[in-house]
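Protein chains in written order, with this note's numbering: chain A, 1 to 242; chain B, 243 to 476.
Take a look at the structure:
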């Protein structure tokens, strides 16, 4: 009860701060001018969610491939993932999106910018996903493998009953964090004129000239996507923790 | 039990076991003692078939320890309980019985319940390993080993990670198992336990067997190494 009260108080504090800032604005603060654009904005929200989920799935697969390469016995593959990881860690996502869409894509004969935008997001997330897998799989001790060996589990049974149920629990929280990163990162696809949330609001702003209100609305809408997600993460973390 | 170790050597980065030979026939409970790094854990893992020696052969009760059939005859209790952390104490037993020994669910439950009760865990069996004490988890791990109905139970320093009170609790539980008529091979650093429980003691130092014999050797060591060791652990 004390904890819930603390949270309510904390939220009220932030709300009071926001209200203060809003009331201090010289012009009239109103979101009414966004009303005619609600379809465009809704479409933007849906596209943001869509592109984020697709990128999550893509980076889950590619991240796993990279994890396998990073633990491969072939030193060349280890080196390849290391070099790639270093490059991605130092690359701003915006740069990667632009380079993908306007340089790398055309070099391979692809001029579909949206597809290259997705690809950039997926590639950007791959090293992070690789790390998620790495920490999850390394959590299963050598001795657990010995025990599985001793009891005579088949390879399928090892994964099905022992490894995957443990790995999934460890995988979930960092995975959700990465998902949150992807959602925010997807805003950069606006440079390709892809109609995600950021782009939709920018378009609306240019019509209504309500810049401040637009950014506030954008902020609130992103929070409406990410906060339930991080709450779900906390719930899963608590429920599934080992 | 018959133990036959022929010219066994093992090397990780350094040599851990150096040309070991051992031939025992009539003992029911063999304790291996020695300082950390003397090779005793490596030896017990080799004898259980969990690790393969770089050279030499080991036969226990007529089985080559590399034989897959041998694994069905033994139980192994690790230093840290090594229960599967995502399964309750009971499920740690029933899953193994159902999936690898072909028992029906009801039978498996019955076996698990019987062995958990034997180790005084009947009121803890639906908890996850993280929610019970170290001693309870270690006893559950013993119950799991017992549930496989092994001929031989290996115990690799089963109390090394426990405080004195929990150590006593686990050792007492192991003592009680004597009535089951199983054979034991164990590594321990608790000398009083080796003395009371084992009927044969092997003292190892730097990868070699230095002295062996009935537990009485602990009280009147012949070699300087065992003498020094006994003075240190006293």
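For glycine and all other residues, C-beta sits at the position ideal for the given N, C-alpha and C.
In terms of alpha-carbon separation, which member of 109/A, 163/A and 113/A lies closest to residue 96/A?
Counting from 1 along the first chain, the entry for residue 96/A is found at position 96. If we check each option's Cα against that of residue 96/A, 113/A comes out closest.
For the beta strand (DSSP E) containing residue 248/B, list its first residue and its last residue.
Here residue 248/B refers to the residue found at position 6 of the second chain. Counting along the chain, the beta strand (DSSP E) containing residue 248/B begins and ends at 245-253.
Less than 8 Å between CB atoms is the rule here; does residue 144/A satisfy it with respect to chain B?
By one-based count along the first chain, residue 144/A stands at place 144. Yes, residue 144/A counts as interfacial toward chain B.
Determine the contact status of residue 320/B and residue 398/B, defining contact as a CB-CB distance below 8 Å.
Taking the second chain and counting its residues from 1, one reaches residue 320/B at position 78. Taking the second chain and counting its residues from 1, one reaches residue 398/B at position 156. Cβ atoms of residue 320/B and residue 398/B: closer than 8 Å.
Along chain A, in chain order, which residues have C-beta atoms closer than 9 Å to that of residue 303/B?
In the second chain, residue 303/B corresponds to position 61, counting from 1. Neighbours of residue 303/B in chain A, taken as residues whose beta carbon is under 9 Å from its own, are absent, since the nearest beta carbon is some 17 Å off.
Which residue comes first and which comes last in the beta strand (DSSP E) that contains residue 450/B?
Numbered from its first residue, the second chain carries residue 450/B at position 208. Its beta strand (DSSP E) spans residues 450-455.
Would you give the residue range spanned by the alpha helix (DSSP H) that residue 149/A belongs to?
Looking up residue 149/A in the first chain gives position 149. Going by DSSP, residue 149/A is part of the alpha helix (DSSP H) stretching over 142-151.
Mind pulling the beta strand (DSSP E) runs of 3 or more residues that sit fully within the segment 304-383 of chain B?
316-319
Since residue 196/A and residue 39/A are thought to touch, with beta carbons under 8 Å apart, how far apart are those beta carbons, to the nearest angstrom?
The residue you call residue 196/A lines up with position 196 of the first chain. The residue you call residue 39/A lines up with position 39 of the first chain. Not really, about 15 Å apart at Cβ, beyond 8 Å.
If the cut-off is 7 Å on Cβ atoms, which residues from the segment 407-425 of chain B count as contacting chain A, listed in chain order?
none
Residue 381/B: buried (16+ other C-beta within 10 angstroms of its C-beta) or exposed?
Mapped onto the second chain, residue 381/B falls at position 139. By the 10 Å Cβ count, residue 381/B comes out buried.
Once you ignore the five residues that flank residue 459/B on each side, which residues in its own chain have a CB closer than 8 Å to its CB?
Here residue 459/B corresponds to residue number 217 of the second chain, with the count starting at 1. The beta carbon of residue 459/B lies closer than 8 Å to those of 443, 445, 453 and 468 in the same chain, with the five residues before and after it left out.
Mind listing which residues of the segment 145-172 of chain A have their C-beta closer than 8 Å to chain B's C-betas, in chain order?
Only those residues of the segment 145-172 of chain A whose C-beta falls short of 8 Å from the nearest C-beta of chain B are listed: 146, 147, 149, 150, 151, 152, 153, 157, 161, 162, 165, 166 and 169.
Which same chain residues, not among the five before or five after residue 37/A, have their C-beta less than 6 Å away from its C-beta?
To locate residue 37/A, count along the first chain from 1; it is residue 37. The answer, listed in chain order, is 204.
In chain A, which residues lie less than 7 Å from residue 252/B when you measure between Cβ atoms?
For the purposes of this step, residue 252/B is taken as the residue at position 10 of the second chain. Here the premise fails: no neighbours, minimum Cβ distance about 16 Å.
Could you check whether the Cβ of residue 337/B sits closer than 8 Å to any Cβ belonging to chain A?
The residue you call residue 337/B lines up with position 95 of the second chain. It does: the Cβ of residue 337/B has a partner Cβ on chain A nearer than 8 Å.
Do residue 386/B and residue 338/B have their C-beta atoms within less than 8 Å of each other?
Taking the first residue of the second chain as 1, we reach residue 386/B at position 144. Taking the first residue of the second chain as 1, we reach residue 338/B at position 96. Their beta carbons are under 8 Å apart, which means residue 386/B touches residue 338/B by this criterion.
Return no unless some Cβ of chain A is closer than 8 Å to the Cβ of residue 328/B.
Here the question's residue 328/B lines up with position 86 in the second chain. So yes, residue 328/B belongs to the interface.
Closest Cβ-Cβ distance between residue 284/B and chain A: below 8 Å?
Counted from its first residue, the second chain places residue 284/B at position 42. Interface annotation, residue 284/B: not in contact with chain A, CB-CB separation never under 8 Å.
Start and end of the beta strand (DSSP E) containing residue 396/B?
Translated into the one-based positions of the second chain, residue 396/B becomes position 154. From DSSP, the beta strand (DSSP E) with residue 396/B extends over 394-398.
When you compare the segment 47-67 of chain A with the segment 108-123 of chain A, are there three or more beta-carbon pairs, one atom per stretch, that lie closer than 8 Å?
yes
Taking a cut of 7 Å between CB atoms, which residues from the segment 373-387 of chain B lie near chain A?
none
On the three-state DSSP scale, how would you describe residue 209/A?
Counting from 1 along the first chain, the entry for residue 209/A is found at position 209. Here residue 209/A sits in coil by DSSP.
Which residues does DSSP list as the beta-bridge partners of residue 265/B?
Position 23 of the second chain holds residue 265/B. In DSSP, residue 265/B forms a bridge with 246/B.
Taking residue 283/B as part of the beta strand (DSSP E), name the residues at either end of that continuous run.
Residue 283/B sits at position 41 when you count from the first residue of the second chain. Premise fails: residue 283/B lies in the alpha helix (DSSP H), 282-289, not in any beta strand (DSSP E).
Could you give the DSSP three-state label for residue 271/B: helix, strand or coil?
The residue given as residue 271/B occupies position 29 in the second chain. Strand, per DSSP.
Using the Cα positions of residue 464/B and residue 384/B, report the straight-line distance between them to the nearest angstrom.
Position 222 of the second chain, counting from 1, holds the residue named residue 464/B. Position 142 of the second chain, counting from 1, holds the residue named residue 384/B. Rounded to the nearest angstrom, the two C-alpha atoms are 34 Å apart.
Give the interface partners of residue 357/B over in chain A, defined as CB-CB distance under 7 Å, in chain order.
Taking the second chain and counting its residues from 1, the one referred to as residue 357/B is at position 115. In chain order: nothing, as chain A lies at least about 15 Å away.
Excluding sequence positions up to five away, which residues of its chain have a Cβ less than 8 Å from the Cβ of residue 178/A?
On the first chain, residue 178/A is found 178 positions in, with the first residue counted as 1. Contacts found: 56, 59, 125, 128, 129 and 132.
What are the start and end residues of each continuous alpha helix (DSSP H) run of 4 or more residues lying completely inside the segment 167-240 of chain A, in chain order?
Counting only runs of 4 or more, we get 197-208 and 211-240.
Would you grab the beta carbon distance between residue 313/B and residue 152/A for me? Rounded to a whole angstrom, and I think it's under 8 Å.
In the second chain, residue 313/B corresponds to position 71, counting from 1. In the first chain, residue 152/A corresponds to position 152, counting from 1. Between residue 152/A and residue 313/B the Cβ distance is about 6 Å, and since that is below 8 Å, they are a contact.
If we define contact as Cβ-Cβ less than 8 Å, is residue 324/B a contact residue for chain A?
Looking up residue 324/B in the second chain gives position 82. It does: the Cβ of residue 324/B has a partner Cβ on chain A nearer than 8 Å.
Under 8 Å between beta-carbons, which chain A residues line up against residue 342/B? List them in chain order, please.
Residue 342/B sits at position 100 when you count from the first residue of the second chain. The contacting residues are 151, 152, 153 and 157.
Have a look at residue 456/B and residue 425/B and give me their C-alpha separation to the nearest angstrom.
The residue labelled residue 456/B in the question sits at position 214 within the second chain. The residue labelled residue 425/B in the question sits at position 183 within the second chain. Roughly 16 Å separates the two Cα atoms.
Examine chain A for any beta-carbon lying closer than 8 Å to the beta-carbon of residue 345/B, and answer yes or no.
As a working note, residue 345/B is residue 103 in the second chain. No, no contact with chain A.
Please identify the residue among 296/B, 322/B, 259/B and 362/B whose C-alpha is closest to the C-alpha of residue 146/A.
Working through the first chain from its first residue, we reach residue 146/A at position 146. Nearest C-alpha to residue 146/A: 322/B.
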